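Chemist: Have a look at this one.
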Amino acid sequence: MGIVNMAHGDIYMAGAVLSFYVVGMFGNFWLSLIFVPAIVILVSAPVERFVLRPYEGHHSSTMIATVGISFIIQQIALGTYGGIPKKITNPWPVSFNFLGVDYPGYRLLVACISVLILAGLWLFLYKTSYGILVRASMQDREMAAAMGIDVNKVLITTFVMGSVLAAVGGVLAAPINQVFYLMGDNVILLSFIVVIIGGLGSLKGTLIAALSLCSLEGVMASVLSPTKARAAIFVIMIMILIRRPQGLFRD
Amino acid sequence: MNSDDSLLKTVSVTMRFGGLTALDDVTYSVKKGEVRGIIGPNGAGKTTLFNVITGELKPTSGKIFLRGEEITHLTPHIICQKGLSRTFQLTFIFPEMTVYDSIWVGVNSRARRPWNPIILAHHTADLSQKTQEICQLVGLEEKMNELASNLSFGDQKILEIAMALSTEPSLLLLDEPTQGVSPKETDNILKVIEKLSKNMTVILIEHSMDVVLRLCHTITVLNEGRVAAEGSPDQISKNEEVQRVYLGEIS
Amino acid sequence: MEFEKVGEKRTTLHYFAITFLLLLVVMGILLPKGARSLVTHMMIFSILAMGYDVCFGLTNQCSLGHSVFFGAGAYGAIFSILHLKVGILPSIFFSMGAGLLLSLVVGLISVRLSEAYFVIITAIFFAVFHLLAMDMTWLTGGDDGLSIKLPSISLGPETISLYNPLVNYYFVLIFLAVSYLILNRIARSPIGKIFVSIRENEKRVQFLGYNVFRYKLIAFIISGLFSALSGGLYALTLRYGSADFFSFHWSIMPVVWCLIGGLGTLAGSWIGVVIMSLFQYYVSAWWTYYLILFGIIILLILRISRKGILGYVISRRLT
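Protein chains in written order, with my numbering: chain A, 1429 to 1679; chain B, 679 to 929; chain C, 5 to 323.
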């Protein structure tokens, strides 16, 4: 949609924090997969409509506005959840032994769920009629509007969908890493890189980029320090953008 | 070096965008001092032709020559420095700059040291004179201190032309200079163009046959990316195929 | 030859700036210690703000990586004093040199990218430098940082030292005044007009015969240079520098300062500095979560006008 959402990482964090509360209130982790998306939809739709919509076309204004939103979300989390990282107990503490290596059951489950979500997203974008509208608006907004597509609805839908995905990502990540009010900062730049390298608008590219970058980072982290490994990924990104300012894959 | 006396020449220029052929083997030339009109129905490729000539697009195949020198792959700013200037169909001006400043910027690009960071822009005597001359030529001298965004639409179109003139072009490309303008202001614009055409070569894209018949020495008709006809105003207005192409479009 | 009303607005702002500078000269002696220290810091931030305004305000390049130049300027001064044992003034040159070099490199890579990518890649540069600065504690001191002992400046038979808060204050003030005069002159010169026209309609400027990339790069480098100067002055004033000088705070604050003061006005950003510094100083004492207000402020300013509060007020008066 052409928006760089600097608050995206914090929506991810919000998802994790909310799931912490759901677990606290109901004792069941999986319920958060219902509650969190619901809350995110209720909050992100008006935010898009009233806070972000006025800056349409002004990319830098939108980006800075999302920085503002990022501060707000972070501070609310700090104020309510606190500044101490906390853990959510592993909801599926089993372990599979395959070829002599132990694979934690929950992580495998997360991988499966992610694949399902991606598949669902792909089906939505490529197989449903509404998905076609979304992709059309993405490619040429004026043309889409001229053809009678309600671009505004599409804008809200994509923003909300993006936010829900981020939050669900946070929910799933919560038992794996600790839940911390700054955990969004950790993922946001990386997610930009993944999307740019994968090619804006290309699901396949994003998936390949995400898998390769994370594996690469993991390997490097075993040799260098984790911080240096992260910095190295960033440097690789810069070098790619030097050679190919338009990203690696195209839609 | 240059066997013919053409100022601008395109040779077999083809422009393809994916499956769409916007320009198909367009070969034509314009002599110095000519006023050439280009007409054709919507989508015929007129603006695309300008985009290719001015370096904004690289043609899929074919060459373009300015005074015998090939300019096909040069960047727009270099082509402009060689004396080719254009206006845009939608007014493409500097909203928050005054009329004077907008024209001054173009005049400054011809100065010996346009990047001068030390003198005051308003104290550049010779540039100031040239700027005022252009303002007078197009009839905007009374509105010199107006912000460009405050001008009437017709005046903005005139400002467009003035800005194109500011770089001392030997070849001026005007893209539908009277489009969307009231009849009274159209007359104004046409008077300006008539004045200009005495000293420089002009290529004029127009939708209105009247304008083209009045101003041009030669007319080229484009249809679906191909040159459909070329000749004097007399010949073109009697041309049957042109009439067919324009059926329903002649104003 | 009478010139535009718009130029008039800028001249008014110019008189405001000169008056303010003169006021600062007087205030140096009159202010109590704590306030004087705060004002010294605000003057340093004003240089950073003006530097950023050249980038964002004049050529519409929304960089999120200026903390790289700020931090580099700080460490340029610190390293040159610690390791090369130079004096105060030479250390400033090292600051600016670091800024020049880095902004050239970062600029060559980033400036040619389109708007959104530009923002992201400058943010990535910020992240790389911040991460490395935090990690390489042997070099930078990490977030604990490095302290330095300042050499004194000799002016003929006298020696003065920046340890004297009055000397520090006027030292910074001189740099602020000179920076303002230089940047103001640049903005009103031919190249400044070119910058503004790039902001107004980048593509059109190409068709007027200008190599737009080159001019955007020059603006970016000027911006980095002054940001680094600011960093150097900050390190000298605090006698300290840490990896925190590369943090996001120093990338985002200039954006807010310029937005409040009005993009492209240069001196307008000083208003942004004053408001936000006072805001941080007082509100943070009273409410730990003042950053929420900060976020709300950002949203509000953006809503009112991209020209900033100052620009909004002025445009109301002109129409």
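Glycine is no exception: its CB is placed at the ideal position from the N, C-alpha and C atoms.
Here the structure is a predicted model, which means the values were calculated and not measured.
Within its chain, find whatever has a CB closer than 7 Å to the CB of B:K741; leave out the 5 residues flanking it on each side and keep chain order.
Modeler: Against the second sequence, residue 741 of chain B aligns to sequence position 63. Once the five neighbours on either side are set aside, the close Cβ partners of B:K741 are V689, E748 and T750.
Chemist: From the DSSP secondary-structure annotation, give me the bridge partner or partners of B:A907.
Modeler: One-based indexing of the second sequence puts residue 907 of chain B at position 229. B:A907 is bridged to B:V899.
Chemist: Cα-Cα, which of C:F283, C:F175 and C:T15 is closest to C:I96?
Modeler: In the third sequence, residue 96 of chain C corresponds to position 92, counting from 1. For C:I96, the nearest C-alpha among the options comes from C:F175.
Chemist: Just the C-alpha distance for A:A1744 and A:I1541, rounded to the nearest angstrom, thanks.
Modeler: Outside the displayed range of chain A (1429 to 1679) lies residue 1744 of chain A, so it cannot be described from this structure.
Chemist: Check the C-beta distance from C:K207 over to B:D779 and give it rounded, since I have them as a contact under 8 Å.
Modeler: Translated into the one-based positions of the third sequence, residue 207 of chain C becomes position 203. Translated into the one-based positions of the second sequence, residue 779 of chain B becomes position 101. With 8 Å as the limit, C:K207 and B:D779 do not qualify as a contact, their Cβ atoms being about 18 Å apart.
Chemist: Would you mind telling me which residues of chain B sit closer than 8 Å to C:F224, beta carbon to beta carbon, in chain order?
Modeler: Counting from 1 along the third sequence, the entry for residue 224 of chain C is found at position 220. Here the premise fails: no neighbours, minimum Cβ distance about 14 Å.
Chemist: Check whether chain A comes within 9 Å of C:L106, counting only Cβ atoms and requiring the distance to be less than that.
Modeler: For the purposes of this step, residue 106 of chain C is identified with residue 102 of the third sequence, where counting begins at 1. No, C:L106 does not count as interfacial toward chain A.
Chemist: Which value, in whole angstroms, describes the spacing of the CA atoms of B:G909 and B:T896?
Modeler: Counted from its first residue, the second sequence places residue 909 of chain B at position 231. Counted from its first residue, the second sequence places residue 896 of chain B at position 218. In a straight line, the C-alpha of B:G909 is about 5 Å away from that of B:T896.
Chemist: Count the CB pairs spanning the stretch 246–254 of chain C and the stretch 71–83 of chain C that are closer than 8 Å, and state whether there are at least three.
Modeler: Contact between the stretch 246–254 of chain C and the stretch 71–83 of chain C is present, because at least three Cβ pairs lie under 8 Å.
Chemist: What are the start and end residues of the beta strand (DSSP E) that includes B:F743?
Modeler: As a working mapping, residue 743 of chain B is identified with position 65 in the second sequence. Its beta strand (DSSP E) spans residues S739 to L744.
Chemist: Identify the contact partners of A:V1479 in chain C, using a Cβ-Cβ distance below 8 Å as the criterion.
Modeler: Counting from 1 along the first sequence, the entry for residue 1479 of chain A is found at position 51. Near A:V1479 (Cβ distances below 8 Å), the residues of chain C are L303.
Chemist: Just to make sure I have the definition right: I need the residues of chain A whose C-beta is within less than 9 Å of the C-beta of C:F298. Which are they?
Modeler: In the third sequence, residue 298 of chain C corresponds to position 294, counting from 1. Those are G1496, F1499, I1500 and Q1503, listed as they occur along chain A.
Chemist: At a Cβ cut of 7 Å, what residues of the stretch 1642–1665 of chain A count as close to chain C, listed as they run along the chain?
Modeler: Answer in chain order: S1653, T1655, K1656, R1658, A1659, F1662, V1663 and M1665.
Chemist: Do you know how far the Cα of B:T699 is from the Cα of A:L1635?
Modeler: Indexing the first sequence from 1 puts residue 1635 of chain A at position 207. Indexing the second sequence from 1 puts residue 699 of chain B at position 21. Cα to Cα, the separation comes out at about 34 Å.
Chemist: Alpha carbon to alpha carbon, how far is B:G817 from B:K835?
Modeler: Translated into the one-based positions of the second sequence, residue 817 of chain B becomes position 139. Translated into the one-based positions of the second sequence, residue 835 of chain B becomes position 157. Those two C-alpha atoms are separated by around 12 Å.
Chemist: Quick check for students: name the residue ranges of the alpha helix (DSSP H) that lie wholly in the stretch 37–64 of chain C, counting only runs of 4 or more.
Modeler: For the stretch 37–64 of chain C, whole alpha helix (DSSP H) runs of length 4 or above, ordered along the chain, are 37–57.
Chemist: Name, please, each residue of chain C whose Cβ falls closer than 8 Å to the Cβ of B:E854.
Modeler: Along the second sequence, read from residue 1 onward, the residue named residue 854 of chain B stands at position 176. By Cβ distance, chain C contributes nothing, its closest Cβ being about 16 Å from B:E854, past 8 Å.
Chemist: Out of B:P754, B:K724, B:K760 and B:K808, state which residue places its alpha-carbon closest to the alpha-carbon of B:T938.
Modeler: In the structure as shown, chain B starts at 679 and stops at 929, and residue 938 of chain B therefore has no counterpart that could be examined.
Chemist: Closer than 8 Å between beta carbons: that is the criterion. Which residues of the stretch 174–202 of chain C meet it against chain B?
Modeler: Within the stretch 174–202 of chain C, the qualifying residues are R189, I190, R192, S193, P194, I195, G196, K197, I198, V200 and S201.
Chemist: Please state the DSSP three-state secondary structure of B:S860.
Modeler: As a first step, residue 860 of chain B must be located in the second sequence, where it is residue number 182. Coil at B:S860, not helix or strand.
Chemist: Is it the case that the Cβ atoms of C:L52 and C:S251 are separated by a distance below 9 Å?
Modeler: Translated into positions along the third sequence, residue 52 of chain C becomes position 48. Translated into positions along the third sequence, residue 251 of chain C becomes position 247. Result no, Cβ atoms of C:L52 and C:S251 do not sit closer than 9 Å.
Chemist: Is it right to say B:F772 is buried, meaning 16 or more other beta carbons lie within 10 angstroms of its own, or is it exposed?
Modeler: The residue labelled residue 772 of chain B in the question sits at position 94 within the second sequence. Classification for B:F772: buried.
Chemist: Name, please, each residue of chain A whose Cβ falls closer than 7 Å to the Cβ of C:Y79.
Modeler: On the third sequence, residue 79 of chain C is found 75 positions in, with the first residue counted as 1. Near C:Y79 there are no residues of chain A at all, since even the closest Cβ is about 17 Å away, more than 7 Å.
Chemist: Nearest-angstrom Cα distance between B:E927 and A:S1565?
Modeler: Locating residue 927 of chain B in the second sequence gives position 249, where the first residue counts as 1. Locating residue 1565 of chain A in the first sequence gives position 137, where the first residue counts as 1. Residue confidence is low: B:E927 scores 49 on pLDDT, short of 50, so the model does not pin down where it sits. No coordinate-derived value is stated.
Chemist: Starting from B:R714 and walking both ways along the beta strand (DSSP E), at which residues does that stretch end?
Modeler: Here residue 714 of chain B corresponds to residue number 36 of the second sequence, with the count starting at 1. Looking at the DSSP string, the run of the beta strand (DSSP E) that includes B:R714 is V713 to I717.
Chemist: Comparing alpha-carbon positions, which option in C:L304, C:T23, C:G32 and C:M47 lies nearest C:L237?
Modeler: Mapped onto the third sequence, residue 237 of chain C falls at position 233. Measuring from the Cα of C:L237, the nearest candidate turns out to be C:M47.
Chemist: How many angstroms separate the CA atom of C:I264 from the CA atom of C:I308?
Modeler: To locate residue 264 of chain C, count along the third sequence from 1; it is residue 260. To locate residue 308 of chain C, count along the third sequence from 1; it is residue 304. The straight-line gap from Cα to Cα measures roughly 10 Å.
Chemist: What would DSSP say about B:T732, mapped onto helix, strand or coil?
Modeler: Counting from one through the second sequence, the residue named residue 732 of chain B turns up at place 54. B:T732 falls in the coil class under three-state DSSP.
Chemist: B:R790 to C:G276, Cα distance in whole Å?
Modeler: Here residue 790 of chain B is taken as the residue at index 112 of the second sequence, counted from 1. Here residue 276 of chain C is taken as the residue at index 272 of the third sequence, counted from 1. If you take the alpha carbons of B:R790 and C:G276, they lie about 38 Å apart.
Chemist: Give every residue of the same chain whose Cβ lies closer than 6 Å to the Cβ of C:W254, excluding the five residues on either side of it in the sequence, and list them in chain order.
Modeler: Your numbering for residue 254 of chain C matches position 250 in the third sequence. Same-chain partners within the cutoff: S71 and F74.
Chemist: Return no unless some Cβ of chain C is closer than 9 Å to the Cβ of A:R1678.
Modeler: Counting from 1 along the first sequence, the entry for residue 1678 of chain A is found at position 250. The predicted model places A:R1678 with a pLDDT of 47, which falls under 50 and marks its position as unreliable, so this point remains unresolved.
Chemist: Does any CB atom of chain A fall closer than 9 Å to the CB of C:C66?
Modeler: Within the third sequence, residue 66 of chain C is the residue found at index 62, counting from 1. Closer than 9 Å: yes.
Chemist: How big is the Cα-Cα spacing for B:E820 and B:L735?
Modeler: Within the second sequence, the letter at position 142 stands for residue 820 of chain B. Within the second sequence, the letter at position 57 stands for residue 735 of chain B. Whole-angstrom Cα-Cα distance: 37 Å.
Chemist: Can you tell which of C:G55, C:K37, C:L27 and C:S50 has its C-alpha closest to the C-alpha of C:I190?
Modeler: As a position in the third sequence, residue 190 of chain C is number 186, starting the count at 1. Ranking C:G55, C:K37, C:L27 and C:S50 by Cα distance to C:I190 puts C:G55 first.
Chemist: For the alpha helix (DSSP H) holding C:K153, just list the boundary residues, first then last.
Modeler: Counted from its first residue, the third sequence places residue 153 of chain C at position 149. From DSSP, C:K153 is part of no alpha helix (DSSP H); its letter is neither H nor E.
Chemist: With contact counted as at least three CB pairs below 8 Å, one residue from each stretch, are the stretch 292–302 of chain C and the stretch 1500–1507 of chain A in contact?
Modeler: Flag = yes, the stretch 292–302 of chain C and the stretch 1500–1507 of chain A touch.
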